[in-house]
Amino acid sequence: MQERIPRRTLLAGLGAGLVLPAAARAGDLAAAGWASARGGEGGRTLRVTTLAPDGPGSFRAAVEAAGPRKVVFDVVGVIDLGRKSIRIREPFLTVAGETAPSPGITFIRGGIQVESHDVVLRHLRVRAGRDGAPDRSGWEVDGITCWKAHDVIVDHCSIAWATDENLSASGPRFDGGDTVEAWRQGTSRRITFSNNIVSEGLSHASHVKGEHSKGTLIHDNATEVLIVGNLYAHNLERNQLFKGAVHAVSVNNLVYDPGTRAMHYALNAPEWEGRAWQVGQLALVGNVIKGGASTRPDLPFLIVEGQGDLDLYARDNRAAYADGRPMPELRVLPTTPLPKVRRLARPPLWPKGLKALPASAVEASVLATAGARPWDRDAIDLRVLRQVKDGTGRVIDDEKEVGGYPK
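So the sequence shown is residues -26 to -1, 1 to 381, counted in mature numbering (1 follows the signal peptide of the UniProt record, and there is no 0).
Now the structure itself:
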């Protein structure tokens, strides 16, 4: 997976920009997991030549084009989506954010939704924000989400300030037929989220439900999902949330300052509408959780709730509160019937060739390499990284609390 970088190099990088190997700068260190995403391999190269949200030469025009294609950037700066998120519906796409001049491309006031297959997104910053919307007013925006998508890789991106999920793999629960296999084929599958910074989901903002600071949602029946090498910081919940019957591996992620949920599994019976509950499968290996100012004082590493049973393999995970006390490993919330957690001696699923770092090496590795363009970080990512290192910061309600949109 990732090349180990000494901690002294990391600490220097937090202050002055980090020099990484050429392979890392090209975005070649992502673990593909099960995703066999071809991206735009063998296709044409489309150049983004304007920061306008649409029209000739725009990013939107490039991703909406048909056929295999690689999107590169001749421009640098902020693309204001004006609350009209990007929807990727054409397959066979690679977006190479590392090709932009320094300091790269940032999307604001909208997100990116992948509704296709064989898509690779790398080295982008997506910071949607509430954009001045009143509390509970209905401006609900994800950062990057996969909807009924498959064979997708989101790698080395920085995603923040969503009013719904920052990063998710979702879709309908029961499309495609009456069998479990049909459900799995009808929603997102073979998804990899690697080496991203997922931070500062907005809490009491414009979502109609009120509090909604969420990191990552993996929706019911999603399968062959890999979450590896990411930094989660200042998200109240869903750090990560796996819904009913999910099959997923989460390895070597660093979670800082989770609020009321860190790792979380939940099959909720009313959402399954009388269908037979299926057993979830999770492998959680080498993850690190560090409490912060927003962290509930009795938060466990993993909460299991709802009605569905879970096959769980958990190894070499470390979780502690801000004062150094260890967190409990597992809490099963009381429901009727009580879900059964079957502890496994081996992972129920594991991508071929994936090798986990020991938990002792995870913090240094993630801080050094996660996020968009780690050799060329912007001020927002540097601030979040310093907070993780120093044990500062908290969950926020508005991007203005931390300086607002980049200029």
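C-beta atoms are modelled at their ideal positions from N, C-alpha and C, and glycine is treated no differently. Predicted model, so just to flag it, every value in this text is computed and none were measured.
Rounded C-alpha distance that separates CYS120 from LEU273: 29 Å
On the criterion of 16 or more Cβ atoms from any shown chain inside 10 Å, does LEU3 qualify as buried, or is it exposed? Caution applies to LEU3, whose pLDDT of 37 falls short of 50 and renders its modelled position unreliable; the model cannot decide the point.
Under 8 Å: do the region 284 to 301 and the region 317 to 325 share three or more Cβ pairs, one atom per stretch? yes
Over what stretch of residues does the beta strand (DSSP E) that includes ALA353 continue unbroken? Where ALA353 is concerned, there is no enclosing beta strand (DSSP E), although the alpha helix (DSSP H) it sits in stretches over 353 to 364.
Residue range of the beta strand (DSSP E) that GLU139 falls in? 139 to 144
Whole-angstrom C-beta distance between GLY78 and ASP350, which should lie under 8 Å: 6 Å
Quick one: what does DSSP say SER173 is sitting in, helix, strand or coil? strand
Does the beta-carbon of LEU312 have 16 or more other beta-carbons within 10 angstroms, so that it is buried, or is it exposed? exposed
I need the straight-line Cα distance from TYR379 to GLY85, nearest angstrom please. 14 Å
Do LEU20 and VAL45 have their CB atoms nearer than 7 Å? yes
Can you give me the start and stop residues for the beta strand (DSSP E) that PHE216 sits inside? 215 to 217
Should the region 176 to 186 be regarded as contacting the region 352 to 372, the criterion being three or more beta carbon pairs within less than 8 Å? yes
With C-beta atoms as the reference, is GLY16 less than 7 Å away from PRO42? yes
Quick one: what's got a C-beta closer than 7 Å to TRP135's C-beta in the same chain, skipping five residues either side? ARG101, ALA102, GLY103, GLU174, LEU176, GLU373
Specify the secondary structure class of LYS122 as computed by DSSP and reduced to three states. coil
Whole-angstrom C-beta distance between TRP8 and ARG158, which should lie under 8 Å: The Cβ separation is near 12 Å, so there is no contact.
Which runs of the alpha helix (DSSP H) fall wholly inside the region 1 to 33 and span at least 4 residues, in chain order? none
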